[in-house]
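Student:
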Amino acid sequence: MKKFIKILIIALAISLIAGSAWAVANWKHLSSFPHIISSFYSKEFCSCYFVVGRSEAFCHNYARQYVPISEFVLNEEEKSVTVTGLGISTTSVFESIAYGCRIQGTVQ
């Protein structure tokens, strides 16, 4: 039993070191992930609601992802959608039927 625990601890340590090395090597991609959640949801919802003309419930279901959003604001007067997910807020604005929606501002 002691040998099993020792092997388990060594395997866990190797996995932790390998995972850390992978995270450091891919940090640029990992750090952009929070922006993807809010950007995708706001852009897809904006396009679905303002360009295609679907209902709000349908568009929420259409833009939904595995990672939940924490805040959602639909501004019908300005034709914009603001979504917050993983601490990052993104606003998408309707431009025209031909152009669709665009993400307002820049992602850092």
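According to the numbering used here, the sequence shown is numbered sequentially starting from 449.
Positions of the beta carbon are idealized from the N, C-alpha and C atoms, including for glycine.
(1) Could you check what DSSP says for Q556 in three-state terms: helix, strand or coil?
(2) Is the beta carbon of I551 less than 8 Å from the beta carbon of K476?
(3) For the segment 473 to 523, list the beta strand (DSSP E) runs that are entirely contained and at least 3 residues long, ordered along the chain.
(4) Applying the criterion that 16 or more other CB atoms from any shown protein chain within 10 Å of the CB defines a buried residue, is Y547 buried or exposed?
(5) Does the Cβ of Q556 have 16 or more other Cβ atoms within 10 Å, making it buried, or fewer, making it exposed?
Tutor: Result, derived from the coordinates:
(1) Residue placement at Q556 is flagged as unreliable, the pLDDT there being 49, under the threshold of 50; a coordinate-derived value is accordingly withheld.
(2) no
(3) 519 to 523
(4) exposed
(5) Residue placement at Q556 is flagged as unreliable, the pLDDT there being 49, under the threshold of 50; a coordinate-derived value is accordingly withheld.
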